[in-house]
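What follows is a single structure, written as structure tokens, with notes after it.
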Amino acid sequence: MKSRSNIARAVIGVTAAAALVALVPNPASAQTVYREKAHATKGSPKIDNHCLSLKTGRENRLVGIACFKKAGNRMWVRDYRKDGQRVEIRGEVNKNGAGYRCYGNYKAGWRKCTKISKKMPNNAVFAWNIALTKKGKVTKAGEMRFSNT
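This is the structure:
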């Protein structure tokens with residue numbers, strides 16, 4: 111009888127521990143993510159090695175371009191298709207581990223994010239890529255780029 115009660119206590123203990131683990135958040139999942147919808151701008155970035163493009167389909171058609179500039183940590187996006195998807199810059203900074211999302215929509219010309227750039231630390235590394243998203247889910251992602259902030 112004593113062994114059954116020990117087994118019962120052990121089962122209750124394991125069940126309680128599992129419930130506690132399920133309730134305690136994982137620090138990695140508590141990452142801060144700053145998001146900004148890009149606004150229209152008269153200027154445009156210089157298309158250089160600080161820009162990435164994304165192409166899709168059999169025709170390999172251009173979907174969008176995204177650029178990151180160290181001066182002011184500025185992000186630009188340009189979406190070329192009116193298809194219900196958004197072109198985004200998605201990245202993370204090594205100093206604070208925070209995520210940054212600058213997204214545009216199909217509108218004429220370049221769009222720029224300026225508010226979230228003020229939250230980005232200087233003298234860090236920004237690992238980012240261009241992505242095509244629909245309802246917050248990535249449908250296609252481009253290559254990764256590492257830029258200094």
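Residue numbers (the numbering used here): 111 to 259.
All C-beta atoms in this analysis are idealised placements derived from N, C-alpha and C, irrespective of residue type, glycine included.
Checklist entry - Which word fits N232, buried or exposed, when buried means at least 16 other C-beta atoms lie within 10 angstroms of its C-beta? => result Taking the sequence shown and counting its residues from 1, one reaches residue 232 at position 122. Per the 10 Å Cβ criterion, exposed.
Item to check | Residue from K180, L162, N183, G209 whose Cα sits closest to the Cα of D189 | outcome: Here residue 189 corresponds to residue number 79 of the sequence shown, with the count starting at 1. It is L162 whose Cα lies nearest to the Cα of D189.
Next on the checklist: Can you give me the C-alpha to C-alpha distance between A234 and K192, rounded to a whole angstrom?
Outcome noted: As a working note, residue 234 is residue 124 in the sequence shown. As a working note, residue 192 is residue 82 in the sequence shown. The straight-line gap from Cα to Cα measures roughly 35 Å.
Next on the checklist: If I measure Cβ to Cβ from G209 and keep anything under 8 Å in the same chain, skipping five residues before and after, which residues do I get?
Outcome noted: Numbered from its first residue, the sequence shown carries residue 209 at position 99. Closer than 8 Å at the Cβ level, and outside the excluded window around G209, lie Q141, T142, V143, Y144, R200, G201, E202.
Next on the checklist: Let's test the definition: count the other Cβ atoms within 10 Å of the Cβ of S154 and tell me whether it reaches 16, buried, or not, exposed.
Outcome noted: On the sequence shown, position 44 is the one that residue 154 refers to. Answer is exposed; the Cβ neighbour count stays below 16.
Checklist entry - Can you list, in chain order, the residues of its chain whose CB lies under 7 Å from that of E298, leaving out five sequence neighbours each side? => result Beyond the ends of the chain as shown, which are 111 and 259, falls residue 298; an answer cannot be given.
Next on the checklist: Taking DSSP's pairing of strands, which residues face A237 in a bridge?
Outcome noted: Locating residue 237 in the sequence shown gives position 127, where the first residue counts as 1. In DSSP, A237 forms a bridge with E202, F256.
Next on the checklist: Buried or exposed, going by whether 16 or more other CB atoms sit within 10 Å of the CB of I157?
Outcome noted: As a first step, residue 157 must be located in the sequence shown, where it is residue number 47. The residue in question, I157, is exposed, as its Cβ has fewer than 16 Cβ neighbours within 10 Å.
Checklist entry - Buried or exposed: which applies to R255, given that a residue is buried once 16 or more other Cβ atoms fall within 10 Å of its Cβ? => result Translated into the one-based positions of the sequence shown, residue 255 becomes position 145. R255 is buried by the Cβ-count criterion.
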